[in-house]
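Colleague: Per full-length UniProt numbering, residue 1 is the first one in the sequence shown, and the count goes up by one each step.
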Amino acid sequence: MSEALEGSAREALRAATAAVHARLHALPPLRALAEGRLDRPGYVALLRRLLGFHRAVEAALAAAPSLSPWGIDPAERRRAWLIEADLAVLGAAPEPSGSSALPPLGSAARALGCLYVAEGSTLGGRHLARALDGLLPPGGAGRRFLLGHGARHGALWRECCIALEACGADPARRAEILEAAAESFAAFESWFPAPGAVRLEPRPTLAS
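Set out below in structure tokens:
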């Protein structure tokens with residue numbers, strides 16, 4: 001077995017994107033969300049940046065070569081509309097913020113690398129949704145994006161992992177997957193302001 005095929009595709013993806021993962025967790029809006037410190041204006045700003053990125057991803061995947069040979073339908077995984085629904089609950093217009101070029105997705109392998117980034121954002125979403133308990137009323141309203149695909153979340157993630165392993169069994173395709181994933185993470189990171197540019201205030205309670 002060649003060195004390129006040692007370990008699973010997901011292990012290779014985790015290793016290739018570890019540095020950018022660490023930087024993303026340190027971004028002020030995402031860190032504040034995880035720690036339950038994000039106020040309402042901050043949450044709206046975060047959703048608008050997420051909306052810009054996911055709209056761009058969905059457009060890129062729609063224009064990419066078909067992933068049906070790998071058992072994937074990107075259309076059923078779209079979540080930009082969930083962000084729009086969350087913004088509506090908050091009384092905010094769905095105006096995306098930020099912009100950055102996504103990598104060209106000229107092959108199914110590159111499309112899967114980009115999809116890995118978009119789908120991976122659903123992991124841990126339920127924990128982040130609970131971090132909004134002091135900001136939003138109980139239930140899913142206002143946090144539908146973070147709740148991901150709902151009851152289908154587990155099945156869709158497994159399908160994504162199966163596709164990554166099958167496509168990534170070929171060394172050349174695996175290299176494309178890794179490259180596109182790293183570039184997609186970098187594009188996502190560029191949607192956010194530099195650390196220190198986000199103002200955080202004490203979060204109001206529901207009773208205030």
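In this text, a Cβ means the ideal position worked out from N, Cα and C, and glycines have one as well. Note that the structure is predicted; figures quoted are calculated from it, not measured.
Give the DSSP-derived three-state secondary structure of P104 in the structure shown.
Modeller: For the purposes of this step, residue 104 is identified with residue 104 of the sequence shown, where counting begins at 1. The answer is coil: DSSP assigns P104 none of H, G, I, E or B.
Colleague: Do F192 and R49 have their C-beta atoms closer together than 7 Å?
Modeller: Translated into the one-based positions of the sequence shown, residue 192 becomes position 192. Translated into the one-based positions of the sequence shown, residue 49 becomes position 49. In this structure, R49 lies closer than 7 Å to F192 by Cβ.
Colleague: Mind checking M1: buried by the 16 CB within 10 Å criterion, or exposed?
Modeller: Counting from 1 along the sequence shown, the entry for residue 1 is found at position 1. Below a pLDDT of 50, predicted positions are generally treated as unreliable, and M1, at 37, falls in that range; the measurement from the model is reported next regardless. Exposed, because fewer than 16 other Cβ atoms sit within 10 Å of the Cβ of M1.
Colleague: Just curious, the alpha helix (DSSP H) that A19 is in, first and last residue?
Modeller: One-based indexing of the sequence shown puts residue 19 at position 19. That run of the alpha helix (DSSP H) goes A18 to A26.
Colleague: My assumption, with CB atoms under 8 Å, is that D86 sits in contact with R144. Please give the rounded CB distance.
Modeller: Stepping through the sequence shown from its first residue, residue 86 is reached at position 86. Stepping through the sequence shown from its first residue, residue 144 is reached at position 144. With 8 Å as the limit, D86 and R144 qualify as a contact, their Cβ atoms being about 6 Å apart.
Colleague: Who are the near neighbours of E11 in its chain, counting only those whose CB is closer than 6 Å to its CB and skipping five residues on each side?
Modeller: For the purposes of this step, residue 11 is taken as the residue at position 11 of the sequence shown. So the list is empty, once near-sequence residues are dropped.
Colleague: Please identify the residue among L38, R126, A109 and P41 whose C-alpha is closest to the C-alpha of S66.
Modeller: In the sequence shown, counting from the first residue as 1, residue 66 sits at position 66. The residue with the shortest Cα to Cα distance from S66 is A109.
Colleague: What's the C-alpha gap between A155 and R37?
Modeller: Within the sequence shown, residue 155 is the residue found at index 155, counting from 1. Within the sequence shown, residue 37 is the residue found at index 37, counting from 1. Computed Cα separation, rounded: 32 Å.
Colleague: Quick check on DSSP: helix, strand or coil for F188?
Modeller: Residue mapping note: residue 188 aligns to position 188 of the sequence shown, counting from 1. Helix at F188.
Colleague: Go through its chain and collect everything with a Cβ distance to T17's Cβ below 7 Å, but skip five positions before and after it.
Modeller: As a position in the sequence shown, residue 17 is number 17, starting the count at 1. Taken in chain order, the residues that qualify are A181, A182 and F185.
Colleague: Identify which residue in F53, L30, G134 and A151 has its Cα closest to the Cα of A80.
Modeller: Working through the sequence shown from its first residue, we reach residue 80 at position 80. Of the listed residues, the one whose Cα sits closest to A80 is F53.
Colleague: Report the rounded CA-to-CA distance for A129 versus P69, giving the unit in angstroms.
Modeller: Walking along the sequence shown from the start, residue 129 turns up at place 129. Walking along the sequence shown from the start, residue 69 turns up at place 69. Rounded to the nearest angstrom, the two C-alpha atoms are 34 Å apart.
Colleague: On the DSSP letters alone, give me the boundaries of the alpha helix (DSSP H) that W157 sits inside.
Modeller: Walking along the sequence shown from the start, residue 157 turns up at place 157. Taken as a continuous stretch (DSSP letters only), the alpha helix (DSSP H) holding W157 covers H153 to C167.
Colleague: Could you say which of A166, V20, E119 and A63 lies nearest to L146 if we only look at CA atoms?
Modeller: For the purposes of this step, residue 146 is identified with residue 146 of the sequence shown, where counting begins at 1. Comparing Cα-Cα distances from L146 to each of A166, V20, E119 and A63, the minimum goes to E119.
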